[in-house]
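Under numbering that gives the first Met the number 0, the first residue of the sequence shown carries the number 0, and numbering increases by one thereafter.
Reviewing the structure listed below.
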Amino acid sequence: MSTQNPRPAGSESPLAALARLGITLPNPAKPVAAYVPTRLVGNLLYISGQIPVMNGQPIAKGLVPREVSIETAVSCARQCTLNALAAANEALKDRGGLNAVRSVVRVGAFVACEAGFADHPKIANGASELLVEVFGESGKHARAAVGAPSLPLNVPVEIEFVFEVG
Numbered sequence: 000m001s002t003q004n005p006r007p008a009g010s011e012s013p014l015a016a017l018a019r020l021g022i023t024l025p026n027p028a029k030p031v032a033a034y035v036p037t038r039l040v041g042n043l044l045y046i047s048g049q050i051p052v053m054n055g056q057p058i059a060k061g062l063v064p065r066e067v068s069i070e071t072a073v074s075c076a077r078q079c080t081l082n083a084l085a086a087a088n089e090a091l092k093d094r095g096g097l098n099a100v101r102s103v104v105r106v107g108a109f110v111a112c113e114a115g116f117a118d119h120p121k122i123a124n125g126a127s128e129l130l131v132e133v134f135g136e137s138g139k140h141a142r143a144a145v146g147a148p149s150l151p152l153n154v155p156v157e158i159e160f161v162f163e164v165g
């Protein structure tokens with residue numbers, strides 16, 4: 000299979016963008032239940048919900064904004080995205096890793112929060128903005144950002160992704 004970047008001519012590859020940003024991808028997280036981290040169907044790579052873990056441990060726990068600040072939750076969304084990029088890079092290793100991603104199709108963000116909290120989009124921006132930093136215009140995507148009473152391991156954010164693969 001080709002390891003060439005399927006992105007438009009002249010655009011920076013995702014792996015080059017990560018290097019420019021000084022970002023090293025974490026090791027792909029292991030699933031915490033009975034599911035697979037990614038599933039490639041046709042040209043769509045579905046990435047299971049990613050939580051904000053580093054070295055196997057949550058970087059924050061609790062409800063937004065009572066126990067977790069909005070700023071910390073935004074950082075959690077960014078970590079979820081880095082974990083998703085690591086999962087995609089691993090899933091696509093025979094195709095050139097992240098360089099095989101043509102575009103980000105959809106992001107679904109879940110925020111564990113108190114009733115009445117309404118800043119879900121601000122938290123999801125932690126993911127969306129990083130995707131645009133890494134993929135440029137191809138990183139712009141459809142999105143849902145919703146509240147939930149709780150999430151796995153008591154984390155404040157979980158995000159699922161769909162990428163188009165070239």
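Glycine included, every Cβ here is placed at the ideal spot set by N, Cα and C.
Note to self: Buried or exposed, going by whether 16 or more other CB atoms sit within 10 Å of the CB of residue 13?
What the structure shows: Looking up residue 13 in the sequence shown gives position 14. So residue 13 counts as buried.
Notebook entry, point to check: Leaving out the 5 sequence neighbours to the left and right, which residues in its chain are closer than 7 Å to residue 118 when beta-carbon positions are compared?
Noted result: Stepping through the sequence shown from its first residue, residue 118 is reached at position 119. Cβ within range, chain order: 69.
Item checked: Local Cβ density within 10 Å of residue 82, reported as buried at 16 or more and exposed below that -> Here the question's residue 82 lines up with position 83 in the sequence shown. Residue 82 is buried by the Cβ-count criterion.
Note to self: According to DSSP, simplified to helix, strand and coil, what is residue 150?
What the structure shows: On the sequence shown, position 151 is the one that residue 150 refers to. Coil.
Checklist line | DSSP three-state assignment for residue 165, whether helix, strand or coil | finding: Locating residue 165 in the sequence shown gives position 166, where the first residue counts as 1. Of the three classes helix, strand and coil, the one that applies to residue 165 here is coil, per DSSP.
Checklist line | DSSP bridge partner residues for residue 100 (one or two, in chain order) | finding: For the purposes of this step, residue 100 is taken as residue 101 along the sequence shown, with counting starting at 1. Looking at the DSSP assignment, residue 100 forms a beta bridge with 164.
Check: Would you say residue 161 and residue 17 are within 8 Å of each other, going by their C-beta atoms?
Finding: Numbered from its first residue, the sequence shown carries residue 161 at position 162. Numbered from its first residue, the sequence shown carries residue 17 at position 18. Their beta carbons are not under 8 Å apart, which means residue 161 does not touch residue 17 by this criterion.
Margin query: Could you compute how far the alpha carbon of residue 164 sits from the alpha carbon of residue 22?
Written below: Mapped onto the sequence shown, residue 164 falls at position 165. Mapped onto the sequence shown, residue 22 falls at position 23. Across the structure, residue 164 and residue 22 are spaced so that their CA atoms are roughly 22 Å apart.
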